[in-house]
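S.K.: Position in the sequence shown counted from 1, then plus 1032, gives you my numbering. Beta carbons are placed, not taken as given, at the ideal position from N, Cα and C, and that holds for glycine.
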Amino acid sequence: MSEGIYIECRILLVGFGTVGRGFVEVLLEREAILRKKYNLNIKVVGISTRRHGSVYLEQGINLRKALNIVRGGDSLEKYPEGIKGLSSIELIRAYDFDILVELTPTNLMTGEPGLTHIREALKRERHV
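1) Which full runs of the alpha helix (DSSP H) of 4+ residues lie inside the stretch 1117-1146, going along the chain?
2) Just to confirm my understanding: we take LYS1069, look at its own chain, exclude 5 residues before and 5 after, and list those with CB closer than 8 Å. What are they?
3) Should TYR1127 and GLY1078 be called a contact, given that it needs their Cβ atoms to be closer than 8 Å?
4) Based on the DSSP output, what are the partners of LYS1075 in its beta bridges?
5) Within this structure, are the beta carbons of VAL1102 and PHE1048 separated by less than 8 Å?
6) For LEU1123, which residues of its own chain have a beta-carbon under 7 Å away from its beta-carbon, when the five flanking residues on both sides are left out?
7) Look up TYR1111 in the DSSP assignment and give the residues it is bridged to.
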């Protein structure tokens, strides 16, 4: 790809437990590779979790800061910037993102809550 031309990918992360935090750690480790090799500028613009609250920041969330807040036992409501206190569905329906990364624990009989999250994102023609 051409140098200097980046594709921006805005991610909404729903679920920030062990798997969600692991996803973020891998993203942080590979950020430079994704930028250099594929010209991708990955920004996590929203994180929503039942246990740790939610935060949305259009400019992108500082992932290390978010990890430290949650690892310290605090809520994402303590994140110093952004819109807070919204449910996953509210974020999916009303805010801008390109890709939904759905990592919530799922009921194997109903597929919920992940199924609803995915359907709502697809209604908005977002990648899942």
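M.R.: In short:
1) 1120-1126
2) Position 37 of the sequence shown, counting from 1, holds the residue named residue 1069. No residues qualify anywhere along the chain.
3) For the purposes of this step, residue 1127 is taken as residue 95 along the sequence shown, with counting starting at 1. For the purposes of this step, residue 1078 is taken as residue 46 along the sequence shown, with counting starting at 1. Yes; because the gap between Cβ atoms is below 8 Å, this pair is in contact.
4) For the purposes of this step, residue 1075 is taken as the residue at position 43 of the sequence shown. Looking at the DSSP assignment, LYS1075 forms a beta bridge with ARG1042.
5) The residue you call residue 1102 lines up with position 70 of the sequence shown. The residue you call residue 1048 lines up with position 16 of the sequence shown. For VAL1102 and PHE1048, yes; Cβs fall inside 8 Å.
6) Position 91 of the sequence shown, counted from the first residue, corresponds to residue 1123. Excluding sequence neighbours, LEU1123 sits near LEU1044, GLY1078, SER1080, SER1086 and TYR1088.
7) For this step, residue 1111 is matched to residue 79 along the sequence shown. The partner list for TYR1111 (beta bridge, DSSP) is empty, contrary to what the question assumes.
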